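**Q** Just passing along the structure, written as structure tokens.
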Amino acid sequence: KQEVTQIPAALSVPEGENLVLNCSFTDSAIYNLQWFRQDPGKGLTSLLLIQSSQREQTSGRLNASLDKSSGRSTLYIAASQPGDSATYLCALLDSNYQLIWGAGTKLIIKP
Amino acid sequence: GAGVSQSPSNKVTEKGKDVELRCDPISGHTALYWYRQSLGQGLEFLIYFQGNSAPDKSGLPSDRFSAERTGGSVSTLTIQRTQQEDSAVYLCASSSAPGETQYFGPGTRLLVL
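As structure tokens, then:
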């Protein structure tokens, strides 16, 4: 059974720092991997999607990597801003098109 | 439409009542997904539609839960004889095809008293 783990569960850093959020998974047979952000009381926003055959994706200050062999993905946020404060969720799409979710990392960027 | 919409945004019901939650996917999206996020817990997959068909219903928590999709568009999630443990945020997502980026609606917050 696929298990997705996100470390750390919470992170607080000063504005301007670069940071890395981690996601690990137990089964490398994935269709793709998505990173989402969830703001309090709001829905989910897709940030990046990495297909199984890809190694990384970039969007603005965000870069996500995927290493299936080691069961790891990272989300790199450059030059963090207070508006980046949210919960970041990693989710894997399995062969049944089910998204298997991590518990999330709650990120706080201090002004 | 511009995005995925869900209704109602909030629903308070009494234990034992039936509730129906609605999802309008992005126009043209063939795949539609339902998830549940319980307080203090992670997201849980419920069911997925490709067109009007649901290939896998194993994620539904019990036989009190059912879902349908008509016309390859709107979907409804019905919970019969609601229980307090059904209280959660129910999220709907759609994608242009299975495996493509899923876009989420704002969710329906269900509270069962």
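In the order they appear, the protein sequences are chains V and H.
In the working numbering, each number is its position in the first sequence, counted from 1, plus 858.
Letter 59 of the second sequence, counting from 1, is numbered 49 in the working numbering, and no numbers are missing.
We treat Cβ as the ideally placed atom computed from N, Cα and C, and that holds for glycine.
Here the structure is a predicted model, which is why all the values come from computation and not from measurement.
Please report the residue range of the beta strand (DSSP E) in which V/Lys964 lies.
**A** 963 to 968
**Q** Looking at V/Trp893 and V/Leu933, is the spacing between their C-beta atoms short of 9 Å?
**A** One thing to note: V/Leu933 has its Cβ within 9 Å of the Cβ of V/Trp893.
**Q** Going by the CB atoms, is the gap between H/Ser85 and H/Tyr23 shorter than 9 Å?
**A** yes
**Q** Give the residues of chain H in contact with V/Gly918, contact being defined as C-beta atoms less than 9 Å apart.
**A** Those within 9 Å of V/Gly918 in chain H number zero; the least Cβ separation is about 16 Å.
**Q** Going along chain V, which residues have a C-beta under 9 Å from H/Asp46?
**A** Asn954, Tyr955, Gln956
**Q** Can you grab the Cα-Cα spacing for the pair H/Tyr38 / H/Tyr93, in whole Å?
**A** 13 Å
**Q** Pull up the distance between the alpha-carbon of H/Gln31 and that of H/Gly97, whole angstroms please.
**A** 16 Å
**Q** At 9 Å on the CB atoms, spell out the chain H contacts of V/Lys859, in chain order.
**A** Ordered by position in chain H, no residue passes the 9 Å Cβ test against V/Lys859, which lies about 13 Å from the chain.
**Q** Could you check which residue in V/Gln912, V/Arg895, V/Gln860, V/Ser943 has the C-alpha nearest to that of V/Glu875?
**A** V/Ser943
**Q** Inspect the beta-carbon positions of V/Tyr955 and V/Gln896 and report whether they are closer than 9 Å.
**A** no
**Q** Could you tell me whether the Cβ atoms of V/Ser931 and V/Ser882 are closer together than 9 Å?
**A** yes
**Q** Can you list the residues of chain V that H/Tyr80 reaches, using a CB-CB cut of under 9 Å?
**A** Taking the beta carbon of H/Tyr80 as reference, no residue of chain V falls within 9 Å; the closest one sits roughly 11 Å away.
**Q** Closer than 6 Å by C-beta to H/Lys47: which residues in its own chain qualify, once you throw out the five before and the five after it? Chain order, please.
**A** Ile37
**Q** Grab the span of the beta strand (DSSP E) containing H/Glu10 for me, first residue to last.
**A** 9 to 14
**Q** Can you tell me where the beta strand (DSSP E) with V/Val853 in it begins and where it stops?
**A** There is no way to answer for residue 853 of chain V, as the model of chain V reaches only from 859 to 969.
**Q** For the 8 Å Cβ check, are there 3 or more pairs between the region 55 to 66 of chain H and the region -2 to 16 of chain H?
**A** yes
**Q** Quick one, which of H/Tyr25, H/Asp76, H/Gly95, H/Ser43 has its alpha-carbon nearest H/Val2's?
**A** The residue with the shortest Cα to Cα distance from H/Val2 is H/Asp76.
**Q** Shorter than 9 Å from the beta carbon of V/Glu890 to some beta carbon of chain H?
**A** Residue identity check: residue 890 of chain V is Asn in the sequence provided, not Glu. Closer than 9 Å to some Cβ of chain H, the Cβ of V/Asn890 qualifies, so yes.
**Q** For the beta strand (DSSP E) that H/Ile37 lies in, which residues bound it at each end?
**A** 33 to 40
**Q** Given this structure, state the Cα-to-Cα distance separating V/Ala936 from V/Leu920, to the nearest angstrom.
**A** Cα-Cα distance, rounded: 7 Å.
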